[in-house]
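Participant:
There are 2 protein chains.
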Amino acid sequence: MYPRPRILHCTVCGQPVRYRVPADDNRERATCTACGHIQYENPLNVVGTVPVADDGRVLLCRRAIEPRRGLWTLPAGFMELGETLEQGAARETAEEAGAQIAMGPLIALLSVVHVGQVHLFFQARLLSLAFDPGPESLEVRLFAPAEIPWDELAFRTVRRALEHQLAGAPQLLIETIA
Amino acid sequence: MYPRPRILHCTVCGQPVRYRVPADDNRERATCTACGHIQYENPLNVVGTVPVADDGRVLLCRRAIEPRRGLWTLPAGFMELGETLEQGAARETAEEAGAQIAMGPLIALLSVVHVGQVHLFFQARLLSLAFDPGPESLEVRLFAPAEIPWDELAFRTVRRALEHQLAGAPQLLIETIA
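First to last, the protein sequences are chains A and B.
Following my numbering, the numbering of the first sequence begins with 282 at its first residue and continues without gaps.
Following my numbering, the numbering of the second sequence begins with 282 at its first residue and continues without gaps.
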């Protein structure tokens, strides 16, 4: 998950910006001192899956990249332009785990306020037990519910999605991660 | 809803960017020709409510701004950094309609692929019938189900959220608006 450096220059003309409140607004925005272009910054969506085998085991990936290299995560990443939420979640599952899935219902929708993200996890059924870890994963494996490495999970949203899945995901979990 | 112009200059150093595929990536990104900074572009969330009075009438706002000035919409707008989905939806409802609400369940989650947006609508219960249209609204009023101005709605996502609300919103509507 890439960082978002403070905006210093205008994306349209390249001149310096200043953070100020535009006339018709109530928040400071990066505003170009030369051409007046306003560059907005808004939360981003991270989309992923909770891939479950027919025997109830859950797929996790061990991260090959920072942050949290070496810790376990669900396949997930930033939603891209040109795709739906489900397509993004399927793409990340293919890229990070090489897993074949049938997409299921959305089970967790988490506002991660301190990093300006919204995390969305779909339940997915694994159609095969053959995986192919991508460059972002050191390892991909299945965990029975009793084996989940709770102390070695990369992100709190992954923990919440897994807890909700193991509780049977009776309804969509909508929650704030402060 | 503001447009997103093509990125021409680097937000870090102001020099020109070129769209190219970074080494560890598979999509073209705006990459600085001088400092190498990569500026990502991703879908944005639009959050809003379907405010319903106790007699079943639904609140709509007539847009005072482009696009679709003069047409009717649900209170909604871009989610901001530092807020949850629900806080964003409540803020937009206050800003555009001056309405007091109790937030209800999420009823529609719509991937609007062609504009790179995800629209999320929460059901809301109106706590008062006193409104205060903000600068983005020409007018705010309640419509009985039979009175909804279907031919004068601003956006297809508004239509889908309203149709789902009037069908009783039996479950979360997850859909793609192509």
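Cβ atoms here follow ideal geometry from the backbone N, Cα and C, with glycine treated the same way.
What is the residue span of the beta strand (DSSP E) that E456 (chain B) lies within?
Facilitator: Here the beta strand (DSSP E) through E456 (chain B) covers L454 to I458.
Participant: Enumerate in chain order the residues of its own chain whose CB-to-CB distance from V421 (chain A) is below 6 Å, with the five nearest sequence positions on each side excluded.
Facilitator: C342, A378, F412 and P414, listed in sequence order.
Participant: Which residue from B:I388, B:G358 and B:V396 puts its Cα closest to that of Q452 (chain B)?
Facilitator: Checking every option, the nearest Cα to that of Q452 (chain B) belongs to B:I388.
Participant: Excluding sequence positions up to five away, which residues of its chain have a Cβ less than 6 Å from the Cβ of A450 (chain B)?
Facilitator: Cβ neighbours of A450 (chain B) beyond the five flanking positions: I388.
Participant: Spatial neighbours of A506 (chain B) within its chain, please: CB distance less than 7 Å, with the 5 preceding and 5 following residues excluded, ordered by chain position.
Facilitator: Residue numbering for chain B in the displayed model covers 282 to 459; residue 506 (chain B) lies beyond these limits and cannot be assessed.
Participant: Under 7 Å Cβ to Cβ from G385 (chain A), same chain only, skipping five residues before and after it: list those, please.
Facilitator: So the qualifying residues of the chain are F403, Q404, A405 and R406.
Participant: Along the chain, where does the alpha helix (DSSP H) that runs through L443 (chain A) open and close?
Facilitator: Start and end: R437 to L447.
Participant: If you compare alpha carbons, which of B:P332, B:V339, B:N326 and B:R287 is closest to F424 (chain B)?
Facilitator: With distances taken between Cα atoms, F424 (chain B) lies closest to B:V339.
Participant: With which residues is P297 (chain B) paired in a DSSP beta bridge?
Facilitator: B:H290, per the DSSP bridge assignment.
Participant: Rounded C-beta distance between V399 (chain A) and N326 (chain B)? I'm assuming under 8 Å.
Facilitator: That belief holds up - the Cβ atoms of V399 (chain A) and N326 (chain B) are roughly 6 Å apart, short of 8 Å.
Participant: Any beta-carbon of chain A closer than 9 Å to the one on V293 (chain B)?
Facilitator: Interface residue, yes.
Participant: Alpha carbon to alpha carbon, how far is N307 (chain A) from Y300 (chain A)? Give it in angstroms, no decimals.
Facilitator: When rounded, the distance between both Cα atoms is 12 Å.
Participant: Helix, strand or coil for G369 (chain B), going by three-state DSSP, please let me know.
Facilitator: Helix at G369 (chain B).
Participant: Could you have a look at P451 (chain B) and say whether DSSP puts it in helix, strand or coil?
Facilitator: Correct three-state label for P451 (chain B): coil.
Participant: If we define contact as Cβ-Cβ less than 9 Å, is S392 (chain A) a contact residue for chain B?
Facilitator: So, interface residue.
Participant: How about T438 (chain B) and V394 (chain B): do their beta carbons lie closer than 9 Å?
Facilitator: No, they are not a contact pair.
Participant: Does the beta carbon of A311 (chain B) come closer than 9 Å to any beta carbon on chain A?
Facilitator: Cβ-Cβ to chain A under 9 Å: yes for A311 (chain B).
Participant: Hey, which unbroken runs of the beta strand (DSSP E) at 3 residues or more fall wholly within the stretch 377-442 of chain B?
Facilitator: Qualifying beta strand (DSSP E) stretches, in chain order: 382-393, 398-407 and 418-424.
Participant: Identify whether A375 (chain B) lies in helix, strand or coil by the three-state DSSP scheme.
Facilitator: A375 (chain B): helix per DSSP, three-state reduction.
Participant: Give the C-beta separation of E428 (chain A) and R441 (chain A) to the nearest angstrom, bearing in mind that I take them to be a contact with Cβ-Cβ under 8 Å.
Facilitator: That belief does not hold up - the Cβ atoms of E428 (chain A) and R441 (chain A) are roughly 19 Å apart, past 8 Å.
Participant: Check the Cβ of P416 (chain B) against every Cβ in chain A and list those closer than 9 Å, keeping chain order.
Facilitator: D305, listed in chain order.
Participant: Which residues in chain A sit within 8 Å of T363 (chain B), going by Cβ to Cβ distance?
Facilitator: Here the sequence assigns Gly to residue 363 (chain B), which means Thr is not the residue at that position. In chain order: V394 and G397.
Participant: What distance in whole Å lies between the Cβ atoms of W353 (chain A) and P430 (chain A), which are believed to be in contact at a cut-off of 8 Å?
Facilitator: 5 Å between Cβ atoms; contact.
Participant: Could you please give me the residues that DSSP links to C316 (chain A) through a beta bridge?
Facilitator: BP columns for C316 (chain A) are empty, so no partner.
Participant: Under 7 Å between beta-carbons, which chain A residues line up against M360 (chain B)? List them in chain order, please.
Facilitator: Chain A residues near M360 (chain B): N323 and P324.
Participant: Distance, Cα to Cα, I458 (chain B) vs L391 (chain B)?
Facilitator: About 7 Å.
Participant: Starting from A311 (chain A), follow its DSSP beta bridges and name the residues at the other end.
Facilitator: Its beta-bridge partners are A:Y300 and A:Q320.
Participant: Helix, strand or coil for R343 (chain B), going by three-state DSSP, please let me know.
Facilitator: Three-state DSSP puts R343 (chain B) in a strand.
Participant: Could you work out which residues of chain B lie near R308 (chain A), taking near to mean beta carbons separated by less than 8 Å?
Facilitator: Near R308 (chain A) (Cβ distances below 8 Å), the residues of chain B are E361.
Participant: Do you know offhand how far M360 (chain B)'s Cα is from L366 (chain B)'s?
Facilitator: In a straight line, the C-alpha of M360 (chain B) is about 7 Å away from that of L366 (chain B).
Participant: Which residues in chain A have a C-beta closer than 7 Å to the C-beta of I455 (chain B)? List them in chain order.
Facilitator: Ordered by position in chain A, the residues that pass the 7 Å Cβ test against I455 (chain B) are L387.
Participant: Starting from the beta carbon of Q381 (chain B), find every residue of chain A whose beta carbon is closer than 9 Å, and list them in chain order.
Facilitator: Going along chain A, no residue has its Cβ under 9 Å from Q381 (chain B), so there is no contact; the nearest lies around 19 Å.
Participant: Comparing alpha-carbon positions, which option in A:G329, A:E433, A:A383 and A:G351 lies nearest G236 (chain A)?
Facilitator: Since the first residue shown for chain A is 282 and the last is 459, residue 236 (chain A) is missing from the structure and cannot be characterised.
Participant: Given H318 (chain A), which residues of its chain have a CB within under 8 Å of its CB, disregarding the five upstream and five downstream residues?
Facilitator: Excluding positions up to five away in sequence, the list reads C291, T292, V293, C294 and T312.
Participant: Using a cut-off of 9 Å between C-beta atoms, extract the partners of Q296 (chain B) located in chain A.
Facilitator: The contacting residues are H290 and G295.
Participant: Quick check: what's the CA-CA separation for L355 (chain A) versus A448 (chain A)?
Facilitator: L355 (chain A) and A448 (chain A): Cα-Cα distance of roughly 17 Å.
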